[in-house]
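*Asks:*
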Amino acid sequence: MGASESTEFDKPWRETPWENRELLQKNLRELTLSDSKVKYVRILLAGQVGAGKSSFINSVNSVFQGQITTEALADCVSGTSFTKTYRTYYMGNGQSLLPFVFNDMMGLESGDSEGADPEDIVKALKGLLKEGYDFNPTDSAKKKGYRSKASKSEDLTHCLVYVIAADKVSMMNDEVFKKIKYIRQKASELEIPQAVIMTRVDEACPLVRDDLRKIYTSKKIKQKMQECCNLVGVPVSHIFPVKNYHEEIDTQNDMDVLILRALTQIVHIADDLLKKRKTESKKGCCFL
Numbered sequence: 017m018g019a020s021e022s023t024e025f026d027k028p029w030r031e032t033p034w035e036n037r038e039l040l041q042k043n044l045r046e047l048t049l050s051d052s053k054v055k056y057v058r059i060l061l062a063g064q065v066g067a068g069k070s071s072f073i074n075s076v077n078s079v080f081q082g083q084i085t086t087e088a089l090a091d092c093v094s095g096t097s098f099t100k101t102y103r104t105y106y107m108g109n110g111q112s113l114l115p116f117v118f119n120d121m122m123g124l125e126s127g128d129s130e131g132a133d134p135e136d137i138v139k140a141l142k143g144l145l146k147e148g149y150d151f152n153p154t155d156s157a158k159k160k161g162y163r164s165k166a167s168k169s170e171d172l173t174h175c176l177v178y179v180i181a182a183d184k185v186s187m188m189n190d191e192v193f194k195k196i197k198y199i200r201q202k203a204s205e206l207e208i209p210q211a212v213i214m215t216r217v218d219e220a221c222p223l224v225r226d227d228l229r230k231i232y233t234s235k236k237i238k239q240k241m242q243e244c245c246n247l248v249g250v251p252v253s254h255i256f257p258v259k260n261y262h263e264e265i266d267t268q269n270d271m272d273v274l275i276l277r278a279l280t281q282i283v284h285i286a287d288d289l290l291k292k293r294k295t296e297s298k299k300g301c302c303f304l
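The numbering of the sequence shown is my numbering, which starts it at 17 and goes up by one.
1) Return yes when the Cβ of Val79 is within less than 8 Å of the Cβ of Leu276, no when it is not.
2) Provide the residue span of the beta strand (DSSP E) that contains Met241, from first to last.
3) Between Phe116, Ser112, Arg163, which has its C-alpha nearest Asp136's C-alpha?
4) Could you give the DSSP three-state label for Thr280: helix, strand or coil?
5) In angstroms with no decimal places, state the Cα-to-Cα distance between Thr32 and Val273.
6) Taking the alpha-carbon of Phe151 as reference, which of Asp133, Ala140, Lys165 has the nearest alpha-carbon?
7) With H, G and I counted as helix, E and B as strand and the rest as coil, what does DSSP make of Ala67?
8) On the CB-based measure, 16 or more other CB atoms within 10 Å of its CB, does Phe72 come out buried or exposed?
9) Three or more beta-carbon pairs under 8 Å between the region 56–66 and the region 230–247, yes or no?
10) Check the DSSP bridge columns for Thr86 and list the partner residues they point to.
11) Take Leu39 and list the residues in its own chain whose beta-carbon comes closer than 8 Å to its own, dropping the five residues that flank it on each side.
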């Protein structure tokens, strides 16, 4: 049995529209949300330091701008979280914003006093973190960074997305895993849907490094997706492997398609919650 036969499935186990980049973009630009009173769904990114949260935001923006962008500052050197404040990232240009936004969080680290406080992430899920919130505040500043209640539906999180590096999922620190488990439990209690963006697929699998279109024939990538499923508890159907822009100087079709495909699924997952909240609101239900 040859090396390629032992590491690949005979055919892709998930279909990918490699030739439909423009259509995927168009559908997202023209997407109509279930609640006409809501301008966008809010997607909250959480994950271990260095997993690629900020890089994913930059990659999504690059896809829609048609050129490499670095609006969300990312750090590939220090090994500590480069994101220090809570910030909303709008996609598109000033005249035509897309119907989704991202919130980047300080990365999770192993120490109790290091990285993002899981309780801050829970407050973000509830829409209680103010824009610009400092993740390393003094006690008095911490209180000033909180809202007593979400002021509008758009402040609430519509989908929690864990960003996990494919080549590091097996080595995740137990303390970080416990924090993710706690955040997942709280999100589930709030009935907030959850998904996984699995980054660094090229670092995890030589086949994919050579040819990104082998991402769903690679047995290694499917194994890593199952590990993410076991670790976080998110079903494989809600796990999306991508390659973030990092060293490229121009956008590339196959990278864009994977990002757009993942984004499409996540936005639809978020919109399903929006639809549910709208229905519950009409019935006079409270969802927090």
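Where a beta carbon is used, it is the ideal one built from N, C-alpha and C, also for glycine.
*Replies:* The answer reads as follows:
1) Between Leu276 and Val79, the C-beta gap is smaller than 8 Å, which places the two residues in contact.
2) Here Met241 belongs to no beta strand (DSSP E); instead the alpha helix (DSSP H) covers 235–248.
3) Per the C-alpha coordinates, the member of Phe116, Ser112, Arg163 positioned closest to Asp136 is Arg163.
4) helix
5) 8 Å
6) Asp133
7) coil
8) Buried: at least 16 other Cβ atoms inside 10 Å.
9) no
10) Answer is none; Thr86 lacks a bridge partner.
11) Same-chain partners within the cutoff: Pro33.
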